[in-house]
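Below is one structure; the comments refer to it alone.
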Amino acid sequence: MASTITTVITEDRAAQTTDSAASATSAAAGGSTFSLPLYGSPGQPTPAERGQGPFESYPYSELLPKVFPKAHDIGEPLEDFVHIDPGMRALSHPDPRKFLKNATKLENFCPTIGTEVEGVNLAKLAPEERDELALEVARRKVMVFRGQHDFFEAGGEFWKEFGSYFGRLHVHPTGGHPEDLPEIHMIYRDENTVYYDTENITRGMWHTDMSHERQPPGLTAFFLFAHPESGGDTFFTSGVEALKRLSPGFVEYLKTLRQIQSAVDPIQVTRNGTRTRNIRRPCVTTIHPLVRRHPVTGEESLFLNPEATKGIVGYKKQESDLILNFLYDHIAGGLEGQMRVKWAPKTVVLWDNRVTMHSALFDFAGSPERRHGARITPQAERPIPALDGIQLD
Ligand SMILES: O=C(O)CCC(=O)C(=O)O
Ligand SMILES: [Fe+2]
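Residue numbers (the working numbering): 139 to 531.
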């Protein structure tokens, strides 16, 4: 039986999307007569606005992560520095949320985490407004700023200046970067990258960035130059909420614990032949508290990273695994503290890595669309144990 597909095509991009959706649905439906919804409706970003189109004319090709440090250029470990959090200064402002006064949209994703903002130009904030931003991001954990045309236009030097207001800029130990911009961490995927993971059921991975460093990042900015029409969202969860959901007695116990963290050793991995990456500086091993206190808000947060946490100090492997796996499950399953960001052009997301975890989502495997973005990663203080007197060195 011949199938009949009814579509209403008003624009080229609608035609593209609807045609492929139509043939897929037609095959699945086995030939019934039905109407398809029209995707790419007016007001939605065009493929060009989403950074799609032929690679030759991709406007952000200069910002691809193409320069890797050479393997023999292993430098010095990062030195400790004194971090004064800008959010501290905003605590004494008469209205610490004044920088949001012109917002045309100010909407919380949910009570525990995340605020979406429109009408506030991040590129034009005065210093005292940046202080307020730092405080508000710490309070809300994640803030999503839409319509940041100036921020995108301003480019690398501005991104560095913006980031360094909030802390010393972290340079990724192994990441590629555009020429002269080692401080801006770039992520890139396209159809030539293999996304499907044949060994794991998900490629999602809750983590907090660069937490193996002695002074891991605080306020962090992330923005995409190119993103698929749908898919590739970023998930966030609040470490504060995760802790609040546990019993007081258990929390008191967790506060006594310390963890060992270290980054994946890229040299070792290369020798094993499983991953080829160059490295900028020696791998560090760090001791962090399992529960840390935010220096500005005073909030206590679970602080863990399955990518880097190697174990609990002083515990045997099985004991350590028992506690850590319970906590990882708790973090993954704690929906009350979670949100997801759907990307749109000119969106800048800021999160506080001290009190959150996040995960990219690779649900667009097989799509011909690219996903390309940048992270600015200012480092903050050495994690403050929630329990006084915990020895870290
Ligand atoms: O790609 C994403 O959505 C998040 C990437 C990420 O984890 C990061 O840049 O820290
Ligand atoms: Fe990350």
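No residue lacks a Cβ here, since even glycine has one placed at the ideal position from N, Cα and C.
Label residue i either buried or exposed according to how many other C-beta atoms from any shown protein chain fall within 10 Å of its C-beta, with 16 as the threshold for buried.
i: H477; result: Checking the sequence shown, residue 477 turns out to be Met, not His. Its Cβ being crowded by 16 or more others within 10 Å, M477 is buried.
i: A167; result: Only weak support is given to the placement of A167: the predicted model assigns it a pLDDT of 42, under 50, and the value that follows is read from those uncertain coordinates. Looking at its Cβ environment, which holds fewer than 16 other Cβ atoms inside 10 Å, A167 is exposed.
i: A380; result: buried
i: E532; result: Look at the range of the chain in this structure, 139 to 531, and you will see that residue 532 is not part of it.
i: F290; result: buried
i: P192; result: exposed
i: S170; result: Any reading at S170 must be qualified, since the residue scores a pLDDT of 48, below 50, and its modelled position is unreliable; the value itself is stated next. S170 comes out exposed.
i: I469; result: buried
i: P180; result: exposed
i: A228; result: buried
i: Q353; result: buried
i: M226; result: exposed
i: A186; result: exposed
i: V280; result: buried
i: E217; result: exposed
i: F363; result: buried
i: V205; result: exposed
i: Q190; result: buried
i: L460; result: exposed
i: E194; result: exposed
i: D150; result: Because D150 carries a pLDDT of 30, less than 50, the predicted location of this residue cannot be relied on, and the following value inherits that uncertainty. Exposed is the call here.
i: S161; result: Its pLDDT being 35, under 50, S161 is placed unreliably in this model, and the value from its coordinates should be taken loosely. Classification of S161: exposed, given that the 10 Å Cβ count is below 16.
i: P232; result: exposed
i: F464; result: exposed
i: G436; result: exposed
i: F502; result: buried
Comparing alpha-carbon positions, which option in the options lies nearest residue i?
i: T394; options: S368, D371, I417 and I425; result: I425
i: P427; options: I417, E267 and E438; result: E438
i: Y391; options: C421, F304 and I450; result: I450
i: R316; options: N246, G356, D223 and E295; result: Residue 316 is actually Pro in this sequence, not Arg. Considering only alpha carbons, the answer is E295.
i: W297; options: P320, G213 and Q529; result: P320
i: V486; options: E245, F360, T242 and P420; result: F360
i: T372; options: A186, A292, F500 and Y303; result: F500
i: G213; options: H345, R306, P265 and V422; result: V422
i: R306; options: P523, V429 and H221; result: H221
i: M343; options: H496, S400, Q399 and N463; result: H496
i: K262; options: F237, R396 and P215; result: F237
i: R430; options: E217, T242, L525 and D233; result: L525
i: P458; options: I398, A364 and D269; result: Here residue 458 is Ser; the residue named in the question, Pro, does not match the sequence. Residue I398 is the option with its Cα nearest to S458.
i: I528; options: T435, R396 and K484; result: R396
i: G472; options: G452, A364, T494 and P215; result: T494
i: H345; options: F304, A498 and F300; result: A498
i: R188; options: L465, P420, G475 and G370; result: G370
i: Q182; options: P483, L462, D467 and E270; result: P483
i: G452; options: K243, L530 and P215; result: L530
i: P558; options: F502, K448, T447 and V434; result: Coverage of the chain is limited to positions 139 through 531, which leaves residue 558 absent and any answer about it impossible.
i: N240; options: S230, F388, E267 and F219; result: E267
i: Y196; options: H365, L357 and T358; result: H365
i: P265; options: G301, N246 and G475; result: G301
i: G475; options: P420, F219, N246 and S230; result: N246
i: F219; options: T447, P355, S400 and T331; result: P355
i: T358; options: K448, L271 and S230; result: L271
i: G314; options: E329, K454 and R418; result: R418
Exercise for the section: Count the C-beta pairs between the region 187-202 and the region 493-513 that are closer than 8 Å, then say yes if the count reaches three, no if not. Expected result: yes
Handout entry: Segment contact flag, the region 519-527 with the region 368-376, C-beta cutoff 8 Å, min 3 pairs
Key = For the pair of segments examined, the region 519-527 was found not to touch the region 368-376: the number of CB pairs separated by less than 8 Å stays below three.
Problem - Inter-stretch contact (C-beta, 8 Å, three-pair minimum) for the region 441-450 and the region 336-354 - result: yes
Handout entry: the region 311-329 in contact with the region 493-510 per 3-pair CB rule at 8 Å
Key = yes
Exercise for the section: Could you tell me whether the region 481-496 touches the region 269-282, using the rule of 3 or more Cβ pairs below 8 Å? Expected result: yes
Exercise for the section: Would you check if the region 257-272 and the region 280-289 touch, i.e. whether three or more CB-CB distances between them fall below 8 Å? Expected result: yes
Exercise for the section: Taking 8 Å as the threshold, find out whether the region 238-255 comes into contact with the region 383-394 through three or more Cβ pairs. Expected result: The answer is no - the region 383-394 does not touch the region 238-255, with fewer than three Cβ pairs under 8 Å.
Exercise for the section: Mind the definition here: the region 478-487 touches the region 334-346 only if three or more C-beta pairs lie below 8 Å; say whether that holds. Expected result: no
Handout entry: Stretch pair the region 298-318 + the region 494-509: three plus CB contacts closer than 8 Å
Key = Contact between the region 298-318 and the region 494-509 is absent, because fewer than three Cβ pairs lie under 8 Å.
Practice task
Could you name each continuous beta strand (DSSP E) segment of 3 residues or more that falls completely within the region 198-278, going from the start of the chain to the end?
Solution key: Secondary structure in the region 198-278: the beta strand (DSSP E) runs of 3 residues or longer, each lying completely within the stretch, are 243-246 and 253-256 in chain order.
Problem - Secondary structure, alpha helix (DSSP H): runs of 4+ residues fully inside the region 317-392 - result: 377-382 and 386-392
Handout entry: Within the region 473-508, ranges of the beta strand (DSSP E) (whole runs, at least 3 residues)
Key = 476-479, 486-490 and 494-498
Handout entry: Contact set, ligand 2 heavy atom to C-beta under 6 Å
Key = H345, D347 and H496
Exercise for the section: Go through the region 412-470 residue by residue and report every complete run of the alpha helix (DSSP H) that reaches 4 residues or more, in order. Expected result: none
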